[in-house]
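Enquirer: Questions regarding the structure given below will be posed in turn.
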Amino acid sequence: MRRIGTALLGVALASAVLPAAAHADTLDAAGNGVLPDSVAINSIWVMVAALLVIFMQAGFAFLEIGFSRAKNAGTVVAKILTNFSIAGLMYWACGFAFAFGVGDLMGTDGFFLRAYGDPLEAFPVMGLSDATIETKWMFQFSFCAVSLAIVWGTTLERIKFGVYVIYAVVFAGLIYPIASHWVFGGGWLQNNLGMQDFAGSTAVHLIGATGALAVLLQLGARRGKYGSDGSPRAIPGHSMPFFGLGVLILWLGWFGFNPGSTLGALDGRFPEVALVTMLAAGAGVLASIATARWKTGTIDIGMAGNGAIGALVAITAPSGYVEPWTAPIIGAIAGVIVPLGVYAIDKKIDDPVGALTAHGLCGVWGTLACGIFTSPRLAEYNAFGDPGLIYTGSFGQLGTQALGVVTVFAFVFTLSYLTFFAIKKTYGLRVTADEEEAGLDISEHGMYGYPEQFIPAPELIGYSPAPGNVPPRETPRGATTKEVPVA
Amino acid sequence: MRRIGTALLGVALASAVLPAAAHADTLDAAGNGVLPDSVAINSIWVMVAALLVIFMQAGFAFLEIGFSRAKNAGTVVAKILTNFSIAGLMYWACGFAFAFGVGDLMGTDGFFLRAYGDPLEAFPVMGLSDATIETKWMFQFSFCAVSLAIVWGTTLERIKFGVYVIYAVVFAGLIYPIASHWVFGGGWLQNNLGMQDFAGSTAVHLIGATGALAVLLQLGARRGKYGSDGSPRAIPGHSMPFFGLGVLILWLGWFGFNPGSTLGALDGRFPEVALVTMLAAGAGVLASIATARWKTGTIDIGMAGNGAIGALVAITAPSGYVEPWTAPIIGAIAGVIVPLGVYAIDKKIDDPVGALTAHGLCGVWGTLACGIFTSPRLAEYNAFGDPGLIYTGSFGQLGTQALGVVTVFAFVFTLSYLTFFAIKKTYGLRVTADEEEAGLDISEHGMYGYPEQFIPAPELIGYSPAPGNVPPRETPRGATTKEVPVA
Amino acid sequence: MRRIGTALLGVALASAVLPAAAHADTLDAAGNGVLPDSVAINSIWVMVAALLVIFMQAGFAFLEIGFSRAKNAGTVVAKILTNFSIAGLMYWACGFAFAFGVGDLMGTDGFFLRAYGDPLEAFPVMGLSDATIETKWMFQFSFCAVSLAIVWGTTLERIKFGVYVIYAVVFAGLIYPIASHWVFGGGWLQNNLGMQDFAGSTAVHLIGATGALAVLLQLGARRGKYGSDGSPRAIPGHSMPFFGLGVLILWLGWFGFNPGSTLGALDGRFPEVALVTMLAAGAGVLASIATARWKTGTIDIGMAGNGAIGALVAITAPSGYVEPWTAPIIGAIAGVIVPLGVYAIDKKIDDPVGALTAHGLCGVWGTLACGIFTSPRLAEYNAFGDPGLIYTGSFGQLGTQALGVVTVFAFVFTLSYLTFFAIKKTYGLRVTADEEEAGLDISEHGMYGYPEQFIPAPELIGYSPAPGNVPPRETPRGATTKEVPVA
Amino acid sequence: MKKIEAFIRHEAFEPIRMELMGLGFPSLSISEVKGSGRQKGITERYRGAELTNWLRPKVKLECVVASHDVQTVVDAILKHARTGQIGDGKVFVMPVEEAYRIRTGESGEETLQAHPEVAAQATA
Amino acid sequence: MKKIEAFIRHEAFEPIRMELMGLGFPSLSISEVKGSGRQKGITERYRGAELTNWLRPKVKLECVVASHDVQTVVDAILKHARTGQIGDGKVFVMPVEEAYRIRTGESGEETLQAHPEVAAQATA
Amino acid sequence: MKKIEAFIRHEAFEPIRMELMGLGFPSLSISEVKGSGRQKGITERYRGAELTNWLRPKVKLECVVASHDVQTVVDAILKHARTGQIGDGKVFVMPVEEAYRIRTGESGEETLQAHPEVAAQATA
Ligand SMILES: Nc1ncnc2c1ncn2[C@@H]1O[C@H](COP(=O)(O)OP(=O)(O)O)[C@@H](O)[C@H]1O
Ligand SMILES: Nc1ncnc2c1ncn2[C@@H]1O[C@H](COP(=O)(O)OP(=O)(O)O)[C@@H](O)[C@H]1O
Ligand SMILES: Nc1ncnc2c1ncn2[C@@H]1O[C@H](COP(=O)(O)OP(=O)(O)O)[C@@H](O)[C@H]1O
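In structure tokens, the structure reads:
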């Protein structure tokens, strides 16, 4: 049976087939009725949160589909399914172990979620909650998948499909786990410097956006994005409703993303985090609409949605550290950053969905915001870092936050740039001009995402009914008819 | 730092920046480990319910998008994001305090969710549950947002965007809080008269529908809706699938809407409320299809969906007061009301999504249904009002319900009508005929919701590639090719 | 009042209007404060799971819509609403009683969820959890609705609407309850033979797929599916994005489907089941893409999604019986089965969405997989059957699984075939050739699912504005204009 | 035989169709086109970038009639398509040399349209 | 040179295209149109209100050929587009004065289509 | 008067439109067509089954101009639509017997297009 395993998943899996220590522990405890209720209570909330975050995959998919042209709509579906799958397997194989095991630089225990002994000691940073380890895995994996999804926002409509696959393996198995370990996995930035990032403005969103920048710089803009004179052109996506669906799903998912980062329910903290999240997002939408209106004179639908995302990204780090009243401020500032950032970036590089701004710039802002607004009671409760500038008058925490941002950016950018560079030199990053013009759906997947739009009565192509079997034509039942006799 | 606050949110916010009394309480209790498990258990369920109701925003968005023409699809996205945001901020600033604070006419405590002392005393009507106050806020806010979303169903395809903004502030800050306070916030209708409305057939749906009527009467019908002879024309929406998505999401959300109104899980009531909700909705769909079939001879897709909504609205008030066996009856009657109501109303005024019927008429029916079907055990358990007609033989409770409906309608209609009247006289309610014809997406937002449908190869407009950089044309990889040599 | 009831729901309902024994029990217990926390904790998780499964209805709807042509998109919406409603009422009336009451062949207690005395004794197989009976009903009903939804995957674009209605009544009221009773309702296959099917690879998915086969054989292929030479033609669906939405929602729902089948949270098992589910699905997607790529040379979007579904179906039965490391193996094999199965079946019979493969073949594989991989600790914990081949070296359990599969298939196929045969002889199964060509939306529902695609400016048909009231044409506000003076 | 091609506003089509049917010209085809003419361009905005769209959606009406019917049909079109504002469109008349009714294979003028009285009933 | 315009049923197009390619006429264009003719109107219903849609989706086929090829092409169309029922559509022949192949700039009849033998291979 | 019908690539349209407007020919119409010609077919795959699509999306440009303007317009089209690769398309010139401006009811050549100088400003 060991053979089956290895045959299928390679030697690495070997460790996986030892007796299921930890899983068994939970079971025994339950069997002997010594599993405390608190485990179930905390696990339920964190699992609910994890599922909300998993649903965000649909959010990212439709945000991207909406901002793509119809000829590139289908590939996003294949992309999101592939990436989500790879993330799951890699994060199980090694990602989780690197991210949450013990160690300043990276964890080394819990590959394949096996043989780590007591979970509370093996993954100490999550020790404050007694939710089962599988629960914590589901939650943390969902974060990894979100971070990976963010990477591709800049690459729509021209990237080769294989790039998704290759980078996903590296990202979910190595880059994300290590970088996030530093920030909220018990690594040096968090433990030694006291960096504050409650739910991942840096650890999830900035990391994703950094990968997005690394690939964009080597991928280049879509054909037609910049005229011969270098001026940017609008390449409108094909469906604002799909975009809206994506935004609404993401917003919903964020109520798992931030409040779930309490990793439990029994401390009664998660509802407050939800409140803080809502207030920031609301302010972000309004500020973004106002800013776009002021700059361009129209109520920009896309900016309304991006404003929500940007504000949600910004409140992610502070959501567990700040008082509710600061949320609208943090969100509103993110809402102003979004349109300005998008307009500025659009002049030079082609970021179709505004990921660099919404997840990058706003991720930075959110991380820094902790240095300004973190309240004493919450700094103390979370036990990382100090209260913010407005309480202490000191720039100390702000500096720590800035250092964290720079470090993470530098680390992720370097590794990602090298990875994409290697891909470019070997497999290639970009489809041909003809393929790009035909659209990725037909050229990468052999079929349009909306076939009827491109093929006339496709089911009839090459179809000639035998004279005999033309069926009798009657009148559709649903239809009453008015006869116009033949002249 | 007070300055930052005021600068950003105005004097009103001042109260918000005092030490976070209540939030801290929860935290201390948790810190000292004296926060009972019940708080977490109840909070988890109510939070889950709140998130399901929040997801209903997407449901309303797609129901409206589906029933709009393609040229008006995008604006719905901007609308829903804006309204949801305003509702959140206003309900935090004052809505919640007005709605659930102590007082027969309106509450006066808890602005910005601050300085209200002991939450169980400050918001007594929710005292039966020890879920955290932030949890309760999230849940009640989600109701306010639903009620606001209902208002706009009658205004599609012709209203000026600014109207959404102005009315949303008044509605979420004043109209909804006060009216809902009377019905289920501990106000006079509930406390003094014993009106029964478990989850808001009146307090949420009728209030929204009343606002919808108030604006429609001053807004008028869409161009082309009524012929020169005054006969109604069909203006089909552009996507039944989107409509279906909306209905399915709303149905799902209702399992948070009604069962969440138990405000807790420990009394084991919420699953029964879910069962009741399901049975009513099912009966509503079937009755609505049958009625529409009987009236028009076709299986009307829209009516199937509206029937579900209507039945869900109807069961909302009774869901916590009646026995399961009554649910199919209540739902089926709503299912009959829906098509008949839509056909009748359509003859005179233009309600594109049928909101007046589904949320208005069915809201009234549902509220009255309590007067008929409320069971003794549940009247006693909820401690408001008496059992219904079929148990007591008395019309007393039915009368109370009727009085409540009339009062709420009168109050909300008056305030809403005046608000919209003021808007009409100043800013204006309606776009110009040309804008309406061009569609709100292009005229209000400067871009179509489905650009490719209206602009040929939009990315190429004004784009002339420099002769040099026309890239080599190769064959799409995905495609094998058959050469037809040039003659 | 008895009269109202009977008048409305017929004699059968009589039993329903007796005093609400069970519901009242819960309430009393709660009232007297003797309802243990465990009831609420378990009920919350199972309810959350039930709602996730209910959301799968939207998943099936959009998977089918995406794979249909635009002219048949709307009917799916009406279908899903109707079937979901019928399933709810039938499962309440008798389905649940047949499925989970005591008895080797079928249960006989709990019609209308009434008068069954102590729920733990009345529905013993679910006795291990003290979640309220309404919670269990919601969860089990959601399974029935899923099984029913699966049936129709093979019938798209040509079936008469009434067929949905008739078969739904028989399926949800009789076929599904009895067959599922045998497998996981405490029936003979489970209790006497020790068949293992944790969440329903056989009991839900194979049953649905069997019904799908029974109707397909009598319904025939869509016009144009097979050329005069009998060779299969591609009839591409109209929207890969909708297909993707469906898949993502289904995937999410499965995290309720499998982990919810623990029927509680206090044993801490559900997170592990979720982990297992995720790993299998991920492997399924990748294996399916690889297989399709190898067979056809393209990265098939549809196969990526079908691969996820197939793997999720396969892991459904084992999810509560196997160690995590086996999940990727089980999923990957399903991922290989999917494309091969679809290609093979497509040669002979017309299964537009691949339901026979994804739910049928993979359902069989998943059920058999228990016989191979079930781990000792979990066989013991679940207390049904023995460990799998790789642990025992014995084919015993595998044989039991195979027997179960064959029995269930034979039973469901016979009853379903007869039901559809009767329908065909009386009402008819299939629309006319003209109706099929016009599309089901217009012919069955009297309106297109995407009206604008088929009717030019529909709102203007038969509309001639009175010369007087042509409104002044102004310039859209959103638009700046460049005048081209009239020559 | 002549072919009449008219580029008109969407809302003009239905009245034209009704009148033509009444006059005994039930047979015609329309398609969606985008046109530029004296009408103004609309400036659209997307994420900051501007693009001026010079094209407006119009309906193209095609109707082949016997030469002696041309004026009748053209007049019907002009009558209903006219709002007096820029963007009303154009009507063109072009020669047609032969016409076949596929169903019967017949060719010639009589295949083109229904007879007046017939059509009359039709609209009744 | 002549332009052949045919309004046909969707399912008629593919057989026609195949035969024309075999005959050496690979070059043609089609577009979606909505047509009214002798065919019946369909009454649609939406939330109670009725609307009769007199238009049916058809395919418009456009093919420019040398004058001496007209009959061949017309016959191919008539042969495959015909079901004998109302709604089969019409074929019109119109004069064309000049034609240019953009790729080469050449003009004249020979730019219109490929040569038979060439096309023959093509379909092989 | 002549009608110019051109079947071109999407990306060719905008440069043509700009030049024509500059030359004083702002009035034209386009529509989406699918064309087959010398261009290769694309083999699409769907759940295993293959289908070869011989049709490529093209833009059909229609522009009616005075006879003496034909060459100017044709040249503008040829100039911008040409990439030198298969698939560039064709231009056809056909006779038009009469033209009406619906807005004014006037007929004749002068209704067809704006005057050069006018258009010149327009593009300014
Ligand atoms: N010469 C032409 N060739 C082709 N189409 C034309 C021509 N002139 C006008 N059109 C069509 O008519 C529509 C309206 O023309 P426009 O000039 O805007 O109206 P008006 O003639 O009333 O000023 C245009 O959008 C275009 O579709
Ligand atoms: N005179 C005409 N001008 C333009 N299109 C026509 C004309 N006659 C028929 N058509 C097109 O042909 C289609 C079929 O015509 P119809 O009269 O219904 O078929 P049949 O000629 O077999 O009775 C119509 O829907 C329309 O698109
Ligand atoms: N004879 C014709 N009749 C109608 N349309 C044509 C004709 N020839 C070419 N076309 C149109 O022009 C497009 C390009 O033609 P093609 O032959 O592929 O290019 P090229 O002429 O450069 O080889 C075709 O897709 C079709 O739409």
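Residue numbers (the numbering used here), protein chains in the order written: chain A, 1 to 487; chain B, 488 to 974; chain V, 975 to 1461; chain R, 1462 to 1585; chain H, 1586 to 1709; chain S, 1710 to 1833.
In this text, a Cβ means the ideal position worked out from N, Cα and C, and glycines have one as well.
Remember, predicted model here, so these are calculated numbers, not experimental data.
Rounding to the nearest angstrom, what Cα-Cα distance links E1818 (chain S) and I1491 (chain R) in this structure?
Expert: As a first step, residue 1818 (chain S) must be located in the sixth sequence, where it is residue number 109. As a first step, residue 1491 (chain R) must be located in the fourth sequence, where it is residue number 30. Cα to Cα, E1818 (chain S) sits roughly 25 Å from I1491 (chain R).
Enquirer: Answer yes or no: does any C-beta atom of chain S fall closer than 8 Å to that of Y1317 (chain V)?
Expert: As a first step, residue 1317 (chain V) must be located in the third sequence, where it is residue number 343. It does: the Cβ of Y1317 (chain V) has a partner Cβ on chain S nearer than 8 Å.
Enquirer: Could you tell me if the beta carbon of F941 (chain B) falls within a distance shorter than 7 Å of some heavy atom in ligand 3?
Expert: The residue labelled residue 941 (chain B) in the question sits at position 454 within the second sequence. No, the Cβ of F941 (chain B) stays beyond 7 Å of every heavy atom of ligand 3.
Enquirer: For a contact meaning CB atoms closer than 8 Å, what does I1416 (chain V) contact in chain H?
Expert: Here residue 1416 (chain V) refers to the residue found at position 442 when the third sequence is read from its first residue. Neighbours of I1416 (chain V) on chain H, chain order: I1627 and E1629.
Enquirer: Show which residues of chain S have a CB atom less than 9 Å away from the CB atom of R1543 (chain R).
Expert: Translated into positions along the fourth sequence, residue 1543 (chain R) becomes position 82. Correct list: I1811, R1812, T1813 and G1814.
Enquirer: What residues of chain R sit near G302 (chain A), judged by a beta carbon separation below 9 Å?
Expert: Here residue 302 (chain A) refers to the residue found at position 302 when the first sequence is read from its first residue. Residues of chain R passing the Cβ test: Y1507 and R1508.
Enquirer: Could you check which residue in V:D1408, V:G1147 and V:S1349 has the C-alpha nearest to that of C1061 (chain V)?
Expert: The residue given as residue 1061 (chain V) occupies position 87 in the third sequence. Going by the sequence as given, residue 1061 (chain V) is Ala instead of Cys. When only C-alpha atoms are compared, the closest one is V:G1147.
Enquirer: Between the segment 1600-1612 of chain H and chain S, which residues of the former have a C-beta closer than 7 Å to a C-beta of the latter?
Expert: Hits within the stretch, in order: R1602, P1611 and S1612.
Enquirer: Quick one: give me the first and last residue of the alpha helix (DSSP H) that S231 (chain A) is part of.
Expert: In the first sequence, counting from the first residue as 1, residue 231 (chain A) sits at position 231. S231 (chain A) -> no alpha helix (DSSP H), and no H or E assigned at all.
Enquirer: My understanding is that M138 (chain A) touches A50 (chain A), with C-beta atoms under 8 Å, so please give their C-beta distance in whole angstroms.
Expert: Residue numbering aside, residue 138 (chain A) sits at position 138 when the first sequence is read from its first letter. Residue numbering aside, residue 50 (chain A) sits at position 50 when the first sequence is read from its first letter. M138 (chain A) to A50 (chain A), Cβ: 4 Å. Contact.
Enquirer: Could you check where the alpha helix (DSSP H) with R1602 (chain H) kicks off and where it finishes?
Expert: Mapped onto the fifth sequence, residue 1602 (chain H) falls at position 17. Taken as a continuous stretch (DSSP letters only), the alpha helix (DSSP H) holding R1602 (chain H) covers H1595 to L1608.
Enquirer: Using a Cβ-Cβ cut-off of less than 9 Å, list which residues of the segment 768-785 of chain B approach chain V; keep chain order.
Expert: Listed in sequence order: A768, G769, A770, G771, V772, L773, I776, T783, G784 and T785.
Enquirer: For the beta strand (DSSP E) containing P1556 (chain R), list its first residue and its last residue.
Expert: Numbered from 1 along the fourth sequence, position 95 holds the residue referred to as residue 1556 (chain R). Counting along the chain, the beta strand (DSSP E) containing P1556 (chain R) begins and ends at K1551 to P1556.
Enquirer: Counting Cβ pairs closer than 8 Å, one from the segment 322-331 of chain A and one from the segment 216-229 of chain A, do we hit at least three?
Expert: Verdict: no, contact absent.
Enquirer: Would you say E939 (chain B) lies against chain V (beta-carbon separation less than 8 Å)?
Expert: Translated into positions along the second sequence, residue 939 (chain B) becomes position 452. Not closer than 8 Å to any Cβ of chain V, the Cβ of E939 (chain B) fails to qualify, so no.
Enquirer: Tell me which residues of the segment 1762-1790 of chain S have at least one Cβ-Cβ distance to chain A shorter than 7 Å, keeping chain order.
Expert: The segment 1762-1790 of chain S vs chain A, Cβ under 7 Å: N1762, L1764 and P1766.
Enquirer: Could you check how far apart the C-beta atoms of P1215 (chain V) and I235 (chain A) are, in whole angstroms? I think they sit under 8 Å.
Expert: Within the third sequence, residue 1215 (chain V) is the residue found at index 241, counting from 1. Within the first sequence, residue 235 (chain A) is the residue found at index 235, counting from 1. Going by Cβ atoms, the distance from P1215 (chain V) to I235 (chain A) rounds to 18 Å, so no, they are not a contact pair.
Enquirer: If you scan the segment 716-784 of chain B from start to end, which runs of the alpha helix (DSSP H) of 4 or more residues do you find wholly inside it?
Expert: The qualifying runs are 727-744 and 757-783.
Enquirer: According to the Cβ coordinates, are T861 (chain B) and V809 (chain B) closer than 8 Å?
Expert: Position 374 of the second sequence, counted from the start, is the residue given in the question as residue 861 (chain B). Position 322 of the second sequence, counted from the start, is the residue given in the question as residue 809 (chain B). Yes, they are a contact pair.
Enquirer: Determine, using beta carbons only, whether F1722 (chain S) comes closer than 8 Å to chain H.
Expert: In the sixth sequence, counting from the first residue as 1, residue 1722 (chain S) sits at position 13. Judged by the 8 Å Cβ criterion, F1722 (chain S) is not in contact with chain H.
Enquirer: With a threshold of 16 other CB atoms inside 10 Å of the CB of E1720 (chain S), please say whether the residue is buried or exposed.
Expert: Counted from its first residue, the sixth sequence places residue 1720 (chain S) at position 11. The residue is buried, with at least 16 neighbouring Cβ atoms inside 10 Å.
Enquirer: If I'm right that E1418 (chain V) touches F1135 (chain V) with Cβ under 8 Å, what's the distance once you round it to whole angstroms?
Expert: Counting from 1 along the third sequence, the entry for residue 1418 (chain V) is found at position 444. Counting from 1 along the third sequence, the entry for residue 1135 (chain V) is found at position 161. Their Cβ separation, rounded to whole angstroms, is 5 Å, which keeps E1418 (chain V) and F1135 (chain V) in contact under 8 Å.
Enquirer: Candidates A:L312, A:R430, A:T400 and A:M447: which alpha carbon is nearest L189 (chain A)'s?
Expert: Taking the first residue of the first sequence as 1, we reach residue 189 (chain A) at position 189. Minimum Cα distance to L189 (chain A) is reached at A:T400.
Enquirer: A1343 (chain V) lies in the alpha helix (DSSP H); which residues open and close that run?
Expert: Counted from its first residue, the third sequence places residue 1343 (chain V) at position 369. Run containing A1343 (chain V): C1336 to F1347, per the alpha helix (DSSP H) assignment.
Enquirer: Compare the C-alpha of W1299 (chain V) against each of V:G1315, V:G1230 and V:V1247 and name the closest.
Expert: By one-based count along the third sequence, residue 1299 (chain V) stands at place 325. It is V:V1247 whose Cα lies nearest to the Cα of W1299 (chain V).
Enquirer: Measuring straight from C-alpha to C-alpha, what distance separates G1436 (chain V) and L1636 (chain H)?
Expert: Sequence index remark: in the third sequence, residue 1436 (chain V) carries index 462 (1-based). Sequence index remark: in the fifth sequence, residue 1636 (chain H) carries index 51 (1-based). Its pLDDT being 49, under 50, G1436 (chain V) is placed unreliably in this model, and the value from its coordinates should be taken loosely. Spanning the two alpha carbons is a distance of roughly 8 Å.
Enquirer: I need the straight-line Cα distance from T135 (chain A) to Y1401 (chain V), nearest angstrom please.
Expert: Position 135 of the first sequence, counting from 1, holds the residue named residue 135 (chain A). Position 427 of the third sequence, counting from 1, holds the residue named residue 1401 (chain V). Using only the alpha carbons, I get a separation of about 51 Å.
Enquirer: Cβ of A565 (chain B) within 8 Å of Cβ of I249 (chain A)?
Expert: One-based indexing of the second sequence puts residue 565 (chain B) at position 78. One-based indexing of the first sequence puts residue 249 (chain A) at position 249. For A565 (chain B) and I249 (chain A), no; Cβs fall outside 8 Å.
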